[in-house]
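Here is the structure we will look at, set down as structure tokens.
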Amino acid sequence: MVMVMSNAKVRESGVEENVEQSFLKSLSLLEQAHRRLHDVVKDNLERNGERSLTGVQALLLYEIGESETPASALRARGSFAGTSMSYNVKKLQEGGYLVQSRSSDDRRTVRLKLTPSGKDVRNHVADLFEKQAGALEPTASVRSDDLDQLNKALA
Numbered sequence: 160m161v162m163v164m165s166n167a168k169v170r171e172s173g174v175e176e177n178v179e180q181s182f183l184k185s186l187s188l189l190e191q192a193h194r195r196l197h198d199v200v201k202d203n204l205e206r207n208g209e210r211s212l213t214g215v216q217a218l219l220l221y222e223i224g225e226s227e228t229p230a231s232a233l234r235a236r237g238s239f240a241g242t243s244m245s246y247n248v249k250k251l252q253e254g255g256y257l258v259q260s261r262s263s264d265d266r267r268t269v270r271l272k273l274t275p276s277g278k279d280v281r282n283h284v285a286d287l288f289e290k291q292a293g294a295l296e297p298t299a300s301v302r303s304d305d306l307d308q309l310n311k312a313l314a
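One point on numbering: in the numbering used here, the residue at position 112 of the sequence shown is 271, and numbering is uninterrupted.
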């Protein structure tokens, strides 16, 4: 058997899979993981009696963190798209989960800060992540170095 390596790799089964197919599969898996994350966060919130937020909104509160955060920093980190973020910030402000203010130094800069209700949700999400991380090795045999390797590949 003659093997030609162009834009293909040979999988363990012996079937060639080109880079484009691998890339599209990776995108699909990342998208599925992202959606599952939203579902897990939403389910956890509902079990804790919080039914008015979506998983996306809870993750936005988590990303804002404990201190005042510029909205542009969340966009720059790639956490949230502009229009989606604007809509969710508006809904979270209306729901009493965060306050939005203009920077006194630069009026174009919008700063976000959690209210006590927003901090409660953030703490629930942080607790969920801590619990999930603690369960990885014993239940799924995922070790810290496995995650390091994944993070390097995705970076």
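Each residue gets a CB set at the ideal place from its N, CA and C atoms; glycine is no exception.
Quick caveat, the model's predicted, so the values are computed rather than measured.
Environment of residue i [buried if 16+ CB atoms lie within 10 Å]
i       : result
Gly-277 : buried
Gly-208 : exposed
Lys-201 : buried
Tyr-221 : buried
His-283 : buried
For residue j and residue i, the rounded distance between their alpha carbons
i       : j       : result
Ala-285 : Pro-275 : 15 Å
Gln-252 : Gly-224 : 15 Å
Ala-294 : Arg-266 : 45 Å
Ser-300 : Ser-181 : 24 Å
Glu-190 : Glu-179 : 16 Å
Glu-296 : Leu-306 : 11 Å
Ser-187 : Arg-236 : 21 Å
Leu-309 : Arg-194 : 18 Å
Ala-292 : Ala-314 : 20 Å
Residue of the options minimising C-alpha distance to residue i
i       : options                            : result
Tyr-402 : Ser-181, Leu-188, Glu-190, Gln-216 : This structure cannot settle anything about residue 402, because the visible part of the chain is limited to 160 through 314.
Leu-219 : Ser-243, Arg-302, Ser-300          : Ser-243
Val-248 : Ala-292, Thr-228, Asp-307          : Thr-228
Lys-272 : Leu-189, Lys-184, Arg-210, Leu-233 : Leu-233
Arg-210 : Arg-261, Gly-254, Ser-263, Thr-298 : Gly-254
Ser-226 : Val-199, Val-258, Tyr-246          : Val-258
Nearest-angstrom beta carbon gap, residue j and residue i [assumed within contact, 8 Å]
i       : j       : result
Asn-177 : Leu-287 : Asn-177 to Leu-287, Cβ: 38 Å. No contact.
Val-280 : Leu-196 : In fact, because the Cβ distance is near 15 Å, the residues do not count as touching under 8 Å.
Ala-230 : Val-269 : 4 Å
Beta carbon proximity, residue i to chain D, threshold 7 Å
i       : result
Phe-239 : Within the model displayed, chain D is absent; a lone protein chain is all it includes.
Unbroken alpha helix (DSSP H) run spanning residue i, endpoints
i       : result
Ser-262 : Ser-262 -> no alpha helix (DSSP H), and no H or E assigned at all.
Asn-310 : 303-313
Bounding residues of the beta strand (DSSP E) (the contiguous stretch that carries residue i)
i       : result
Arg-234 : Per DSSP, Arg-234 belongs to no beta strand (DSSP E); it is in the alpha helix (DSSP H), 230-235.
Val-269 : 269-273
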